[in-house]
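Chemist: This is the structure I want to talk about, given as structure tokens.
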Amino acid sequence: MKASPLWSLWAWPVVIAILAGAGLVGGLAGDGRWDWMTWVGLGVPCVASVWFGLRGRRRRARARRPRA
Amino acid sequence: MSPGTTRAWSWLHKWSSLVSTVFLLVLCLTGLPLVFHHQIGAWLGTEVVAPPMPADAPRATLEQVVAAANARFSSKTVMYVSQEPGDDAIWYVTMGETARSTTGLKQVAVDARTGRALAEPKIDGGVMGAVHAIHVELFAGLAGKLFLGFMGLLMLVAIVSGTVLYAPFMRKLRFGEVRRERSTRVKWLDRHNLLGIVTVTWALVVGATGMINTWADLVIEHWRNDQAAQLRSHDRGPASLAQPGSLDRAFANARAREPRMKIAFIAFPGTAWGSAHHYGVFMRGRTRLTERLVQPVLVDAVTGEVSSSPEPPWYMTTLLLSQPLHFGDYGGLPMQWLWAILDVITIVVMGSGLYLWLSKKGPDRPAVPAEAKAAVA
Chain A
138 MKASPLWSLW
148 AWPVVIAILA
158 GAGLVGGLAG
168 DGRWDWMTWV
178 GLGVPCVASV
188 WFGLRGRRRR
198 ARARRPRA
Chain B
477 MSPGTTRAWS
487 WLHKWSSLVS
497 TVFLLVLCLT
507 GLPLVFHHQI
517 GAWLGTEVVA
527 PPMPADAPRA
537 TLEQVVAAAN
547 ARFSSKTVMY
557 VSQEPGDDAI
567 WYVTMGETAR
577 STTGLKQVAV
587 DARTGRALAE
597 PKIDGGVMGA
607 VHAIHVELFA
617 GLAGKLFLGF
627 MGLLMLVAIV
637 SGTVLYAPFM
647 RKLRFGEVRR
657 ERSTRVKWLD
667 RHNLLGIVTV
677 TWALVVGATG
687 MINTWADLVI
697 EHWRNDQAAQ
707 LRSHDRGPAS
717 LAQPGSLDRA
727 FANARAREPR
737 MKIAFIAFPG
747 TAWGSAHHYG
757 VFMRGRTRLT
767 ERLVQPVLVD
777 AVTGEVSSSP
787 EPPWYMTTLL
797 LSQPLHFGDY
807 GGLPMQWLWA
817 ILDVITIVVM
827 GSGLYLWLSK
837 KGPDRPAVPA
847 EAKAAVA
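Following this line, the structure appears as structure tokens:
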């Protein structure tokens, strides 16, 4: 089954945006485990930036599209 | 998205970014050291540290604290006595030529246990003071603040339009794909899109709360005037107060009114936050969420009795709650580092955006669409 284009385009950005939002709000709620929520929530965008920014993700192997 | 719509969003993204980029770069660069201002202050020796003592050590009275500060600046008038959140071992006594002075203020840090003066911290002085002044107002007072607030608004427009444009630009790519085998421009286009989209929540929140903070002066002044008007209605007798009553008694009564809160600051009679006849005792909560929210308790300076404790209005609550979300100071050192990394990523997003705009011009530099077509063919 092929994922819809909308889903494949936005799934990761939306997940990361929600994690970051939860991290920002979570940290305000308290200490301890709430701090971890912040560190993970904001850590994911940082790790994704460095990892993909430096290495880049490989191109998906697929049939070449015909000229548009 | 139709080509026309994409063009419109591109135009919005281009111009909102171009106009604000230089100023946002200044904000990002000055914001970076400000993330660590406590650590830098301790390292530079400008942060006052009280000698360690047992938590249950007896505490000096406020009269002693004020007397210790008066001994340093005998000609000055005490305006405020305050504590930092999370450190009740030090009282900061702020003094001025008069109770209404706004310049030439002096501060004395007094040990809350021994009542001995520890240091005279400079108010907004030094390198960090300059960095802060640039970040907050570009050395241009309220006008500088409001101008930076407008730049913040443009930043929000740039973020939203950039997010909309993510779709047409990334349609044929996987998440995180960077076409490194292609031209430098394509590579940086992919990085710009990647870094922009993964930091979008953080950038929106820091941008929006920063913009709200630029209105702080106006909001606080409005509240202060509102409060002062209410206070004056309680005042009686002559306009000036010859002999205020016991400060410690006033403080004790204020604490009894809000037993679950900690002290933020006490404004002396005659200051902008007090009234001719009242101490303004400002309490704060104990949790991360509430420690920035202040609850005023107004205490009659002569009798030491509480006159009223009005709830702060919604606009003050909004302002005070937006501050931690801008400062990133509520999750310990790891959060400070994440804040710094996200700040640097934002610099890269802006720098790469500027590069993409610059490299589009010029006769011998191919634009993206032509390249993209060639690659697909």
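Chains as they are written, first to last, in my numbering: chain A, 138 to 205; chain B, 477 to 853. For glycine and all other residues, C-beta sits at the position ideal for the given N, C-alpha and C.
1) Use the C-beta contact count for Leu671/B: other C-beta atoms within 10 angstroms, 16 or more gives buried, fewer gives exposed.
2) Can you check the stretch 533-558 of chain B for any alpha helix (DSSP H) of at least 4 residues that lies completely inside it and give the ranges in chain order?
3) Give the DSSP-derived three-state secondary structure of Pro460/B in the structure shown.
4) Taking the continuous alpha helix (DSSP H) assigned at Thr471/B, which residues delimit it?
5) Unbroken alpha helix (DSSP H) runs of length 4 or more, entirely within the stretch 662-694 of chain B: which are they?
6) What three-state label does DSSP hand Glu697/B in the structure shown?
7) Comparing the C-beta of Ala200/A with each C-beta of chain B, is any distance below 7 Å?
8) Relative to the alpha-carbon of Val681/B, which residue among Gly804/B, Lys552/B, Trp485/B and Arg708/B has its alpha-carbon at the smallest distance?
9) So what does DSSP say about Phe499/B, is it helix, strand or coil?
10) Quick check: what's the CA-CA separation for Gly160/A versus Asp172/A?
11) For Trp699/B, which option in Phe744/B, Ala684/B and Ala748/B has the closest C-alpha, if you only look at C-alpha atoms?
12) Can you tell me which of the three DSSP states Glu847/B falls into?
13) At least one CB of chain B closer than 7 Å to the CB of Ser186/A: is that the case?
14) Whose C-beta lies closer than 8 Å to the C-beta of Ile516/B among residues of the same chain, with five residues either side of it excluded?
15) Indicate whether at least one CB of chain B lies closer than 7 Å to the CB of Gly158/A.
16) Taking the beta carbon of Pro845/B as the centre, do at least 16 other beta carbons fall within 10 Å, making it buried, or is it exposed?
17) According to DSSP, is Ser722/B helix, strand or coil?
18) Given Tyr642/B, which residues of its chain have a CB within under 8 Å of its CB, disregarding the five upstream and five downstream residues?
19) Using CA atoms only, rank isn't needed, just tell me which of Val557/B, Arg592/B and Thr553/B is closest to Thr574/B.
20) Using a C-beta cutoff of 7 Å, does Thr482/B count as contacting chain A?
21) If the cut is a Cβ gap below 8 Å, which residues of chain A does Trp678/B touch?
22) Report the three-state DSSP secondary structure of Phe615/B (helix, strand or coil).
23) Alpha carbon to alpha carbon, what distance is there between Met627/B and Lys836/B?
24) Would you call Gly808/B buried or exposed, if buried means 16 or more other Cβ atoms sit within 10 Å of its Cβ?
25) Reducing DSSP to helix, strand and coil, say where Met529/B ends up.
26) Compare the beta carbon distance of Ala533/B and Arg589/B with 7 Å and say whether it is the shorter of the two.
27) Of all the CB atoms in chain A, is at least one closer than 7 Å to the CB of Arg650/B?
28) Using a Cβ-Cβ cutoff of 7 Å, what residues of the stretch 809-822 of chain B are near chain A? List them in chain order.
29) Within the 7 Å Cβ cut-off, does Val658/B reach chain A?
30) For the beta strand (DSSP E) that contains Ser785/B, what are its first and last residues?
31) Can you pull the chain B residues whose beta carbon is under 9 Å from the beta carbon of Gly169/A, in chain order?
32) Which value, in whole angstroms, describes the spacing of the CA atoms of Arg879/B and Glu767/B?
33) Starting from the Cα of His489/B, find the closest Cα among Val636/B, Ala585/B and Val502/B and give me that residue.
34) Could you check whether the Cβ of Trp144/A sits closer than 7 Å to any Cβ belonging to chain B?
Modeler: Here's the rundown:
1) Result: buried.
2) Segments of the alpha helix (DSSP H) lying fully in the stretch 533-558 of chain B: 538-548.
3) Not covered by the structure: residue 460/B. The range shown for chain B is 477 to 853.
4) This structure does not reach residue 471/B, given that chain B is present from 477 up to 853, and the question cannot be answered.
5) If we require 4 residues or more, the alpha helix (DSSP H) runs fully inside the stretch 662-694 of chain B come out as 676-690.
6) If DSSP states are grouped into helix, strand and coil, Glu697/B belongs with the helices.
7) At Ala200/A, the pLDDT of 46 sits below 50, so the modelled position is not reliable; the number obtained from the coordinates is stated separately. Not flagged as an interface residue toward chain B: Ala200/A, since no C-beta distance is shorter than 7 Å.
8) Each of Gly804/B, Lys552/B, Trp485/B and Arg708/B was checked against the Cα of Val681/B, and the nearest Cα belongs to Gly804/B.
9) In the structure shown, Phe499/B falls within a helical segment according to DSSP collapsed to helix, strand and coil.
10) So the alpha carbons of these two residues sit roughly 8 Å apart.
11) Of the candidates Phe744/B, Ala684/B and Ala748/B, the one whose C-alpha sits nearest the C-alpha of Trp699/B is Ala748/B.
12) Note that Glu847/B has pLDDT 41, beneath the 50 cutoff, so the model's placement of it is unreliable and no number is given.
13) True, the Cβ-Cβ gap to chain B drops below 7 Å.
14) For Ile516/B, where only same-chain residues beyond five positions count, the Cβ hits under 8 Å are Pro509 and Met604.
15) Against chain B, the CB of Gly158/A has a partner CB under 7 Å away; the residue lies at that interface.
16) For Pro845/B, the predicted model reports a pLDDT of 49, less than 50, meaning its position is unreliable and no value from the coordinates is stated.
17) Here Ser722/B sits in coil by DSSP.
18) Only Asn669, Gly672 and Ile673 meet the Cβ criterion.
19) Sorting Val557/B, Arg592/B and Thr553/B by C-alpha distance to the C-alpha of Thr574/B places Thr553/B at the top.
20) Cβ-Cβ to chain A under 7 Å: no for Thr482/B.
21) Close to Trp678/B, with beta-carbon spacing below 8 Å, are these residues of chain A in chain order: Ala157, Leu161, Leu179 and Pro182.
22) In the structure shown, Phe615/B adopts coil according to DSSP, grouped into three states.
23) Lys836/B and Met627/B: Cα-Cα distance of roughly 24 Å.
24) So Gly808/B ends up on the exposed side.
25) DSSP places Met529/B outside both helix and strand once states are collapsed to three, so it counts as coil.
26) Contact: yes.
27) Closer than 7 Å: yes.
28) Those would be Pro810, Met811, Leu814, Ile817, Leu818 and Ile821, in chain order.
29) It is Arg, not Val, that sits at residue 658/B in the sequence shown. Not closer than 7 Å to any Cβ of chain A, the Cβ of Arg658/B fails to qualify, so no.
30) For Ser785/B, there is no enclosing beta strand (DSSP E), as DSSP marks it with neither H nor E.
31) For Gly169/A, no chain B residue has a C-beta closer than 9 Å to its own C-beta; the minimum C-beta separation is roughly 11 Å.
32) This structure leaves residue 879/B out entirely; chain B is present only between 477 and 853.
33) Closest by alpha carbon: Val636/B.
34) For Trp144/A, the answer is no, since every Cβ of chain B falls outside 7 Å of its Cβ.
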